[in-house]
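Student:
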Amino acid sequence: MAISSAAQQSDDRSSDLPSAVARREYRAGKYGSTAGVAPGYVQGNLVILPEAQAAAFHRFCQLNPKPCPIIGMSDVGNPSIPALGLDLDIRTDIPQYVVWKDGEAIDGPYEVTKYWRDDLVSFVIGCSYSFEEAMMADDLPIRHIEQDVLVPMYRTSIACKSAGPFAGPMVVSMRPLKPADAIRAVQITSRFPAVHGAPVHLGLPQSIGIKDINKPDYGDAVHINDDEIPVFWACGVTPQAVIAAARVPFAITHAPGVMLVTDLKNKHLAVL
Numbered sequence: 000m001a002i003s004s005a006a007q008q009s010d011d012r013s014s015d016l017p018s019a020v021a022r023r024e025y026r027a028g029k030y031g032s033t034a035g036v037a038p039g040y041v042q043g044n045l046v047i048l049p050e051a052q053a054a055a056f057h058r059f060c061q062l063n064p065k066p067c068p069i070i071g072m073s074d075v076g077n078p079s080i081p082a083l084g085l086d087l088d089i090r091t092d093i094p095q096y097v098v099w100k101d102g103e104a105i106d107g108p109y110e111v112t113k114y115w116r117d118d119l120v121s122f123v124i125g126c127s128y129s130f131e132e133a134m135m136a137d138d139l140p141i142r143h144i145e146q147d148v149l150v151p152m153y154r155t156s157i158a159c160k161s162a163g164p165f166a167g168p169m170v171v172s173m174r175p176l177k178p179a180d181a182i183r184a185v186q187i188t189s190r191f192p193a194v195h196g197a198p199v200h201l202g203l204p205q206s207i208g209i210k211d212i213n214k215p216d217y218g219d220a221v222h223i224n225d226d227e228i229p230v231f232w233a234c235g236v237t238p239q240a241v242i243a244a245a246r247v248p249f250a251i252t253h254a255p256g257v258m259l260v261t262d263l264k265n266k267h268l269a270v271l
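If you count the sequence shown from 1, position 187 lands on 186 in numbering that gives the first Met the number 0, and the numbers rise without skipping.
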């Protein structure tokens, strides 16, 4: 069937988006944190599961909207999600993946074509990298971007609500802020529930089960100044902790800190 000129022009414009350019670079083998990549565009965490577990995981996300807000979902066996990007290929367009078997990480490939199966369903979950743009626009510091490292992430003692085999601890990401800036960050990020919304905890990491703030479970440690407190947001790496805890037979996720860059605009996620 011939493609109309209007449709062709739309596809051409889509291919020029910074988000589409980033995906092509990752598809070609580029590696690195996606923090600050394609400013203005929504990034997402990835969970790929067999259809047999997909319904239970979907319910898990519904019960735990803070760490697991779904922004996109594929049809069974389809590696594309057109609503997130016309040329998107979920098998190749993230800098690095993690392949899981029986709850253990068995591989960290840069593409997962060889692991793809016709029964797989992909879930894309909102990422806090998206609300960082709004924070920076208000002159709030983002320490992991300043230090050019991955955001620090921690498993906590906060239990997620369970659904089928999916149960386990909430993972949080942390950004150090002065108390007044922390209050402003709460106001800003509350506008973005589709990418985790407001923080779940401020200060006192021990009270949510974090023994050493300088030893994150995922990502990299960042410097915390004497006049700053750690501010914690629910994190889309939570499914990885749950996959490990539940010993899920097979799954694919993104590697912590490297996300799927979509064609959605951050500003369109704001609720106020």
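In this text, a Cβ means the ideal position worked out from N, Cα and C, and glycines have one as well.
Leaving out the 5 sequence neighbours to the left and right, which residues in its chain are closer than 7 Å to residue 125 when beta-carbon positions are compared?
Tutor: Position 126 of the sequence shown, counting from 1, holds the residue named residue 125. Contacts found: 43, 68, 70, 193, 194, 195 and 235.
Student: State the Cα-Cα distance for the pair residue 106 and residue 247, rounded to the nearest angstrom.
Tutor: Taking the first residue of the sequence shown as position 1, residue 106 is located at position 107. Taking the first residue of the sequence shown as position 1, residue 247 is located at position 248. One C-alpha to the other measures close to 15 Å.
Student: On the three-state DSSP scale, how would you describe residue 4?
Tutor: Locating residue 4 in the sequence shown gives position 5, where the first residue counts as 1. For residue 4, the predicted structure reports a pLDDT of 45, less than 50, and the residue's modelled location is therefore unreliable. A value from the coordinates is still provided. Residue state, collapsed to three classes: helix.
Student: Taking the alpha-carbon positions, what's the residue 209 to residue 14 distance?
Tutor: The residue labelled residue 209 in the question sits at position 210 within the sequence shown. The residue labelled residue 14 in the question sits at position 15 within the sequence shown. Computed Cα separation, rounded: 43 Å.
Student: Rounded to the nearest angstrom, what separates residue 87 and residue 225 at their Cα positions?
Tutor: Mapped onto the sequence shown, residue 87 falls at position 88. Mapped onto the sequence shown, residue 225 falls at position 226. The alpha-carbon atoms of residue 87 and residue 225 are separated by roughly 43 Å.
Student: Assign residue 103 to one of three DSSP states: helix, strand, or coil.
Tutor: For the purposes of this step, residue 103 is identified with residue 104 of the sequence shown, where counting begins at 1. Residue state, collapsed to three classes: strand.
Student: Along the beta strand (DSSP E) that carries residue 72, what are the first and last residues, could you check?
Tutor: Translated into the one-based positions of the sequence shown, residue 72 becomes position 73. Looking at the DSSP string, the run of the beta strand (DSSP E) that includes residue 72 is 69-72.
Student: Quick one: what's residue 114 bridged to in DSSP?
Tutor: As a first step, residue 114 is located in the sequence shown; it is residue number 115 there, counting from the start. The partner list for residue 114 (beta bridge, DSSP) is empty, contrary to what the question assumes.
Student: Let me check understanding here. Comparing Cα to Cα, which of 85, 250 and 212 lies closest to residue 151?
Tutor: For the purposes of this step, residue 151 is taken as the residue at position 152 of the sequence shown. If we check each option's Cα against that of residue 151, 212 comes out closest.
Student: Within its chain, find whatever has a CB closer than 7 Å to the CB of residue 20; leave out the 5 residues flanking it on each side and keep chain order.
Tutor: Taking the sequence shown and counting its residues from 1, the one referred to as residue 20 is at position 21. Within the same chain, residue 20 has no close Cβ partners at all.
Student: In terms of DSSP beta bridges, what is residue 229 paired with?
Tutor: The count along the sequence shown starts at 1 and reaches residue 229 at position 230. Beta-bridge pairing links residue 229 to 175.
Student: Please state whether DSSP places residue 47 in a helix, a strand or coil.
Tutor: Working through the sequence shown from its first residue, we reach residue 47 at position 48. The answer is strand: DSSP assigns residue 47 an E or B state.
Student: Bridge partners for residue 83 per DSSP, in chain order?
Tutor: Here residue 83 refers to the residue found at position 84 of the sequence shown. Looking at the DSSP assignment, residue 83 forms no beta bridge with any residue, so it has no partner.
Student: For residue 147, which of 31, 48 and 233 has the nearest alpha-carbon?
Tutor: One-based indexing of the sequence shown puts residue 147 at position 148. Nearest C-alpha to residue 147: 31.
Student: Check whether the stretch 71-91 touches the stretch 107-127, taking contact to mean three or more Cβ pairs, one atom from each stretch, closer than 8 Å.
Tutor: Flag = yes, the stretch 71-91 and the stretch 107-127 touch.
Student: Give the single residue among 266, 269, 268 and 262 whose Cα lies nearest to the Cα of residue 81.
Tutor: Position 82 of the sequence shown, counted from the start, is the residue given in the question as residue 81. Of 266, 269, 268 and 262, the residue nearest in Cα terms is 262.
Student: Please state the DSSP three-state secondary structure of residue 204.
Tutor: In the sequence shown, residue 204 corresponds to position 205, counting from 1. Helix, per DSSP.
Student: Hey, does residue 193 have any beta-carbon neighbour from chain B nearer than 8 Å?
Tutor: Going by chain labels, chain B is absent from the structure shown, which holds only one protein chain.
Student: DSSP three-state label for residue 29, please.
Tutor: As a working mapping, residue 29 is identified with position 30 in the sequence shown. Residue state, collapsed to three classes: coil.
Student: How should residue 202 be labelled, buried or exposed, when 16 other C-beta atoms within 10 angstroms of its C-beta is the threshold for buried?
Tutor: Within the sequence shown, residue 202 is the residue found at index 203, counting from 1. Counting Cβ neighbours within 10 Å, residue 202 comes out exposed, since fewer than 16 surround it.
Student: Mind checking whether residue 161 and residue 265 have CB atoms under 8 Å apart?
Tutor: Within the sequence shown, the letter at position 162 stands for residue 161. Within the sequence shown, the letter at position 266 stands for residue 265. Cβ distance not < 8 Å, so residue 161 and residue 265 don't count as in contact.
Student: Give me, in chain order, the residues of the same chain whose beta-carbon lies closer than 7 Å to that of residue 197; leave out the 5 immediate sequence neighbours on both sides.
Tutor: Walking along the sequence shown from the start, residue 197 turns up at place 198. Here the set comprises 185, 188 and 189.
Student: In the structure shown, what three-state DSSP assignment does residue 134 receive?
Tutor: By one-based count along the sequence shown, residue 134 stands at place 135. Correct three-state label for residue 134: helix.
Student: With a CB to CB cut of under 6 Å and the five nearest residues on each side skipped, what residues in its chain are close to residue 60?
Tutor: The residue given as residue 60 occupies position 61 in the sequence shown. Cβ within range, chain order: 67 and 69.
Student: Starting from residue 142 and walking both ways along the beta strand (DSSP E), at which residues does that stretch end?
Tutor: As a working mapping, residue 142 is identified with position 143 in the sequence shown. Residue 142 -> not in any beta strand (DSSP E); alpha helix (DSSP H) instead, spanning 142-145.
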